[in-house]
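Q: Sharing a structure with you now.
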Ligand code: PGA
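Residue numbers (the numbering used here): 16 to 274.
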């Protein structure tokens, strides 16, 4: 099983969401990313639709594969679900949990909590997404993120919290949000510090220090380097730009250049 490595190791994660349409296009995009990037020290993960996982895992060992959700039961009468245990059996290493698009579909913090626990015990490395829908002058968004963290991580042993990657994704900055606007590396830095403080209160300073915090929200090949340098994060979760091999390759290379 892949280990998370040093806290300073950079990690670039693609979230392909429900793309592309065909297996052929998935292979083409995957192979193009392999050609485009340097793959020296940064960890590169692509989180893709379940149906492409089996084929793509055979194409390259440079890229780790992840799913975009995982159910909490191992096996059983849960029509339509795919479990964390099944994914692990298949050779998947990472799983995105609690993405805002899934929260919009009705996923709650307590459901995410069950999925997190199942994913950790199956041996997957979860990427937990947190982030507020909007920001007001009253700074209530800190309380939103605190609640997400407290409820999603409830009952998870301290030592296991260090295995979870926390992705701060302000929903107002996602490329698909209507009326969106850009978040800045300063926004990311401020929240990364806050997240680490919450984690420290919930576990210990030592554990909180080990947790990898990343940023996501319309990251592209023009601002990736700034987020990595000044955003207080060790990596990025990339949606739209990850569907363009050249852009995603440049984002990986930006991480490679910042050690
Ligand atoms: P975006 O998506 O980069 O297209 O904003 C990020 C995400 O939703 O994970």
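We treat Cβ as the ideally placed atom computed from N, Cα and C, and that holds for glycine. If you're wondering where the values come from, they're calculated on a predicted model, not measured in any experiment.
Considering just the uninterrupted stretch of the alpha helix (DSSP H) at residue 158, what are its terminal residues?
A: That run of the alpha helix (DSSP H) goes 156-167.
Q: Look up residue 80 in the DSSP assignment and give the residues it is bridged to.
A: BP columns for residue 80 point to 61.
Q: Return the chain-ordered list of same chain residues with a C-beta closer than 7 Å to the C-beta of residue 260, the five sequence neighbours on each side being excluded.
A: Within the same chain, residue 260 has close Cβ partners 44, 47, 48, 51.
Q: Is any heavy atom in the ligand PGA found nearer than 7 Å to the beta carbon of residue 199?
A: Residue 199: no, Cβ never under 7 Å from the ligand PGA.
Q: Does DSSP classify residue 235 as helix, strand or coil?
A: Coil at residue 235, not helix or strand.
Q: So does the region 220-235 actually touch the region 74-82, counting three or more Cβ pairs closer than 8 Å?
A: No, because fewer than three Cβ pairs between the region 220-235 and the region 74-82 fall closer than 8 Å, the two stretches do not touch.
Q: Which residues in the same chain have their Cβ closer than 8 Å to the Cβ of residue 178, if we skip the five residues on either side of it in sequence?
A: Result list for residue 178: 19, 135, 140, 141, in chain order.
Q: Determine the DSSP secondary structure at residue 273, reduced to helix, strand or coil.
A: Residue state, collapsed to three classes: coil.
Q: Return the residue from the list 198, 199, 194, 227 that minimises the CA-CA distance to residue 210.
A: Out of 198, 199, 194, 227, 227 has the C-alpha closest to the C-alpha of residue 210.
Q: Spatial neighbours of residue 106 within its chain, please: C-beta separation below 6 Å, excluding the five flanking residues on both sides.
A: For residue 106, where only same-chain residues beyond five positions count, the Cβ hits under 6 Å are 72.
Q: Give the list of continuous alpha helix (DSSP H) stretches no shorter than 4 residues that lie fully inside the region 177-247.
A: 200-217, 220-225, 239-245, all fully within the region 177-247.
Q: Would you mind working out which of 153, 170, 183 sits nearest residue 160, comparing C-alpha positions?
A: Of the listed residues, the one whose Cα sits closest to residue 160 is 183.
Q: Can you have a look at residue 125 and say buried or exposed, based on whether 16 or more other CB atoms are within 10 angstroms of its CB?
A: So residue 125 ends up on the exposed side.
Q: Please report the distance separating the alpha-carbon of residue 118 from that of residue 148.
A: Roughly 11 Å separates the two Cα atoms.
Q: Compute the Euclidean distance between the alpha carbons of residue 17 and residue 152, then round it to the nearest angstrom.
A: Because the pLDDT of residue 17 is 44, which lies under 50, any placement of that residue in the model is unreliable, and the number read from its coordinates should be weighed accordingly. Rounded to the nearest angstrom, the two C-alpha atoms are 42 Å apart.
Q: In this structure, does DSSP put residue 23 in helix, strand or coil?
A: Coil at residue 23, not helix or strand.
Q: What is the rounded straight-line gap between the Cα of residue 192 and the Cα of residue 63?
A: Their backbone Cα atoms lie some 21 Å apart in a straight line.
Q: Please report the straight-line C-alpha distance between residue 189 and residue 174, rounded to a whole angstrom.
A: About 31 Å.
Q: What is the DSSP secondary structure of residue 152, reduced to helix, strand or coil?
A: Of the three classes helix, strand and coil, the one that applies to residue 152 here is coil, per DSSP.
Q: Smallest Cα separation from residue 258: which of 24, 207, 238, 41?
A: Among 24, 207, 238, 41, the Cα nearest to that of residue 258 is on 41.
Q: Within 10 Å of its beta-carbon, does residue 33 have 16 or more other beta-carbons around it, so buried, or fewer, so exposed?
A: The residue in question, residue 33, is exposed, as its Cβ has fewer than 16 Cβ neighbours within 10 Å.
Q: Let me know the secondary structure DSSP gives residue 92 once reduced to three states.
A: Residue 92 falls in the coil class under three-state DSSP.
Q: Rank 128, 262, 76, 274 by C-alpha distance to the C-alpha of residue 114 and give the top, closest one.
A: Comparing Cα-Cα distances from residue 114 to each of 128, 262, 76, 274, the minimum goes to 128.
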